[in-house]
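For the sequence shown, the UniProt record's numbering gives the first residue as 1, with consecutive numbering after it.
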Amino acid sequence: MRLIETWLADPERAFDLFAKFPAEETGFENPAAGMSRERFAAYVQGLRDEALGIGLPDGWVPATKYILVNDEGDYVGIFNLRHRLTDFLRNGPGHIGYGIAREYRGRGYATIGLKLTLAKAHELGIREAYLSVRKTNPASLAVQQHCGARIDHEDEWEYYTRIDTSEGTMRDE
């Protein structure tokens, strides 16, 4: 399993993966939902710029959007890593968001992808990753907890978790 930056992925396969996700599903947002192939190509170029911090809208932070590739070479999920937090992100979506294509769910891909993304966060100097998860998505909460998450606080709709990104603290159970 590996993560690849979206702009380095095969464009057709990346388009097909993003097309599998609605604009929003249990907290995972897909701004590329419904895009044409031509518009998607421009979107992907924008993702590269976003990762480099180029031309960001006010209040945005650099972020890298990765595609999770399984051992067979299938594109199975999308992982977004924000390089730093604003107050809004710290008290909301946090550093990492992710989604696994429906036909690949229940196979442990989210856990592996999150572990790989946490390693990327650690490389960026993020020592504690902030995440959120809707209370209606217990599978995602279990994924986060399997990766060492603790619930920091909650509101009516979401749990807000924290994960130490140090290699030794992520469980490989």
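No residue lacks a Cβ here, since even glycine has one placed at the ideal position from N, Cα and C.
Where residue i falls, given that 16 or more other Cβ within 10 Å makes a residue buried
{"i": "residue 99", "result": "buried"}
{"i": "residue 140", "result": "buried"}
{"i": "residue 119", "result": "exposed"}
{"i": "residue 93", "result": "buried"}
{"i": "residue 136", "result": "exposed"}
{"i": "residue 23", "result": "exposed"}
Inter-residue Cα distance where the pair is residue i and residue j
{"i": "residue 160", "j": "residue 53", "result": "26 Å"}
{"i": "residue 30", "j": "residue 97", "result": "10 Å"}
{"i": "residue 131", "j": "residue 91", "result": "9 Å"}
{"i": "residue 126", "j": "residue 79", "result": "16 Å"}
{"i": "residue 15", "j": "residue 102", "result": "16 Å"}
{"i": "residue 134", "j": "residue 58", "result": "26 Å"}
{"i": "residue 156", "j": "residue 104", "result": "29 Å"}
{"i": "residue 128", "j": "residue 153", "result": "15 Å"}
{"i": "residue 19", "j": "residue 165", "result": "31 Å"}
Coil, strand or helix - residue i by DSSP
{"i": "residue 171", "result": "Below a pLDDT of 50, predicted positions are generally treated as unreliable, and residue 171, at 44, falls in that range; no measurement from the model is reported."}
{"i": "residue 28", "result": "strand"}
{"i": "residue 150", "result": "strand"}
{"i": "residue 54", "result": "coil"}
{"i": "residue 42", "result": "helix"}
Selection from the options that minimises the alpha carbon distance to residue i
{"i": "residue 95", "options": "103, 101, 86", "result": "86"}
{"i": "residue 12", "options": "114, 38, 21", "result": "38"}
{"i": "residue 89", "options": "101, 62, 104", "result": "62"}
{"i": "residue 146", "options": "162, 158, 24", "result": "162"}
{"i": "residue 7", "options": "19, 113, 50, 106", "result": "50"}
{"i": "residue 60", "options": "84, 150, 40", "result": "84"}
Spell out a yes or no on whether the region 67-87 and the region 38-45 are touching, meaning 3 or more CB-CB pairs, one atom from each, closer than 8 Å. no
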